[in-house]
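See below for the structure under consideration.
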Amino acid sequence: MKANLKRININGIELYYQLCYHSSEYGESEWTEFYIGTRIIARRKYRICGPIVTYEIPNKVFELNFSIENEHYTKKEVRSKIERKLELLNRKAEIERGEII
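Under the working numbering, think of the first position of the sequence shown as 139, with each following residue one higher.
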């Protein structure tokens with residue numbers, strides 16, 4: 139896992155998150171990316187040549203368009219938004235298994 143990821147536990151599911159920030163001449167934005175587990179990817183060391191090297195990177199599952207550490211959101215609001223995204227992840231898995239209804 140990346141060193142700057144923080145960990146939370148929601149309903150028995152261990153999530154890692156990272157606060158992201160972008161600033162440009164058009165304004166500023168911040169968001170939070172959430173990860174569950176890791177995945178392994180293989181790439182060439184020097185773009186088109188060199189040995190193939192494997193990397194372990196966090197598996198991004200969703201993001202929220204605000205910083206969850208912002209004091210303008212209550213714990214209840216943040217928790218409900220995260221739980222909603224987790225429900226959608228579960229629904230996606232149900233659809234892949236053929237459980238439409």
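Each residue gets a CB set at the ideal place from its N, CA and C atoms; glycine is no exception.
Residue i, DSSP secondary structure in three states
i           : result
residue 185 : coil
residue 218 : helix
residue 197 : strand
residue 207 : coil
residue 233 : helix
Short Cβ contact (9 Å threshold) for residue i with residue j
i           : j           : result
residue 156 : residue 170 : yes
residue 224 : residue 147 : no
residue 173 : residue 154 : yes
residue 193 : residue 181 : yes
residue 216 : residue 206 : yes
Residue i, enclosing beta strand (DSSP E) - first and last residue
i           : result
residue 146 : 144-148
residue 152 : 151-162
Option in the options with minimal Cα separation from residue i
i           : options               : result
residue 143 : 198, 167, 160 and 164 : 198
residue 151 : 208, 227 and 210      : 227
residue 178 : 188, 189, 196 and 166 : 196
residue 167 : 188, 239 and 208      : 208
Legend entry - contact_flag[the stretch 191-211, the stretch 219-233] where n(CB pairs < 8 Å) is 3 or more: yes
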